Structures are given as structure tokens and as C-alpha cells.
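> Count the sequence shown with the UniProt record's numbering and you get residues 1 to 215, in order.
Positions of the beta carbon are idealized from the N, C-alpha and C atoms, including for glycine.
Quick caveat: nothing in here was measured; it's all calculated off a predicted structure.
Structure incoming, see below.
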Amino acid sequence: MTDHDRNTEGEPVVVRDRRRVDPVTGEVRTPAEEPSAGDAPAPAEEDVPVSETGLDPRVEELTAEVAERTADLQRVSAEYANYRRRVDRDRESVLVGARVQFVSELLTTLDDIDRAAAHGDLTGPFKSVADKIVAVAQKQGLEPFAADGDLFDPSLHEAVQHESGDVAGPSVAVVSSVLRRGYRIADRVLRPAMVTVVDQAVDPSAPDLVESPEQ
Numbered sequence: 001m002t003d004h005d006r007n008t009e010g011e012p013v014v015v016r017d018r019r020r021v022d023p024v025t026g027e028v029r030t031p032a033e034e035p036s037a038g039d040a041p042a043p044a045e046e047d048v049p050v051s052e053t054g055l056d057p058r059v060e061e062l063t064a065e066v067a068e069r070t071a072d073l074q075r076v077s078a079e080y081a082n083y084r085r086r087v088d089r090d091r092e093s094v095l096v097g098a099r100v101q102f103v104s105e106l107l108t109t110l111d112d113i114d115r116a117a118a119h120g121d122l123t124g125p126f127k128s129v130a131d132k133i134v135a136v137a138q139k140q141g142l143e144p145f146a147a148d149g150d151l152f153d154p155s156l157h158e159a160v161q162h163e164s165g166d167v168a169g170p171s172v173a174v175v176s177s178v179l180r181r182g183y184r185i186a187d188r189v190l191r192p193a194m195v196t197v198v199d200q201a202v203d204p205s206a207p208d209l210v211e212s213p214e215q
């Protein structure tokens, strides 16, 4: 007996029937099915945390960031709009100030032109020059005001004489004559008008006294 026979003597003998046809039933045998690669269980999906609102925290974070950036943009836009308005107001104020300074130097000349026109001396070449001076002043926005019959306004008129007259009952002060016209540019009064004032009776039943238009 060889060593090989002694080593295998105690091992059980295993007989494998590899016949494809079962000798008893006569049916064709099939090998046991093994799970294919396609039948492997799918990996478990990663759980995504959900906030109290039911949204993905990443979505909430991005939404909050967009809202913050939008608010910043709106604030910057509002600040820029305010800045532009301030710049425009300052520019307009500077321009009006320059016009006021320039036209103020012409007021005495305009007074001379008014006196010449009142005496009938505004004729010939002098009238042509006077018209050009008036046109230059008007181009700068200069407006004369005050006329007979205007309601007296202390912010626009300088009264050098006030006649009370014999008025019984309610009365109002009106301009009786204009001694020197007033001038303004936009809402700036360069010089009040020099006028005389007289009291005028007012109808008590009238709710308001209509102011006559300024000329």
C-alpha cells in the first residue's frame, strides 16, 4: 500500500451525477440559477435631510441668499436714485444762482427802460437796444410782477404808502399803483415791487376774494 492510498483511505467518496437527463424522471436537468449581476440589490438611496418647512435645506439657503442679494440691489438702487435727485437739485440751484447774480446787475437798467417807456422816450435806436436787453433778461428766466389791483402780499410787495379810506366792514389791502416793478426767477424773488396800497371793501357773502392775475 502506497502513501497515497493511506492518505485517501479515510476520506469519504463523493459521487456527483453530472448526467443532464434524470434517469428516473427522464427530464432534462438545469443547473441551479445563480443571481446575476443585474439582480444585485440596488444600493440604498442616501437620505436627504428635510427642514421643518419640508424643503431641502440647500434650497432654503439659496432662496435666502437670493432674497438678501435682491434687497441689497434694491437698497443700492434707491441710494443711487436719491443721489441723482440731490445732484440734480444742487445743479439746478447753482444754475439759478448764477442767473440771479447775472440778472441782478440788469435791474437798474430795466428800471431806466421802464421810466423811458412811461415818458414816451423809448424810441429809435434806444428802443432797439432796450428790447435786446429785455430779451436777454427774459431768456435767463426773469419775470416782472405787480400790477394795479393785485392783492397786497408782503412777501412780494413793499408798501410805501397805505390809504385806509372810508371803508366800513371787512376790507382787504390791494395795490393802488406800482412805483417800481418787482422781479423774480423761478421761485426766487430778486426784488419786491414798490407799491402803494389802499383798503378795499369785501363782500361778506363772498367765501374767498379772487386774486387778480399778476402781470
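Comparing alpha-carbon positions, which option in S77, Y80, A67, L190 lies nearest L142?
L190
> Since I believe R188 is in contact with V96 (beta carbons under 8 Å), could you give me their beta-carbon distance rounded to a whole number of angstroms?
6 Å
> Do A193 and R181 have their CB atoms nearer than 8 Å?
yes
> So V160 and T196 are in contact, right, with Cβ under 8 Å, and what is the actual spacing, rounded?
Contact flag correct, Cβ pair sits at about 6 Å.
> Curious, which full-length alpha helix (DSSP H) runs of at least 4 residues does the stretch 65-137 contain?
107-118
> Could you compute how far the alpha carbon of E61 sits from the alpha carbon of R69?
12 Å
> Rounded C-beta distance between T172 and L151? I'm assuming under 8 Å.
In the sequence under discussion, the amino acid at residue 172 is Val, which differs from the Thr named in the question. Sure, about 7 Å apart at Cβ, within 8 Å.
> Between which residues of its own chain and H162 is the CB-CB distance below 6 Å, once the five residues before and five after are set aside?
V197
> Taking buried to mean at least 16 other C-beta atoms within 10 Å of its own C-beta, is S176 buried or exposed?
buried
> Counting pairs of beta carbons, one from the stretch 133-141 and one from the stretch 99-114, are three or more of them closer than 8 Å?
yes
> In the DSSP assignment, what residue or residues form a beta bridge with F145?
G182
> Using 10 angstroms around the beta-carbon of A67, count the other beta-carbons present and answer buried if the total reaches 16, otherwise exposed.
By the 10 Å Cβ count, A67 comes out exposed.
> Let me know the secondary structure DSSP gives L190 once reduced to three states.
Strand at L190.
> What are the boundary residues of the beta strand (DSSP E) that V160 is part of?
157-163
> Beta-carbon separation of S199 and G149 under 8 Å?
Note on residue identity: the sequence assigns Asp, not Ser, to residue 199. Contact annotation: D199 and G149 have beta-carbon atoms that are not nearer than 8 Å.
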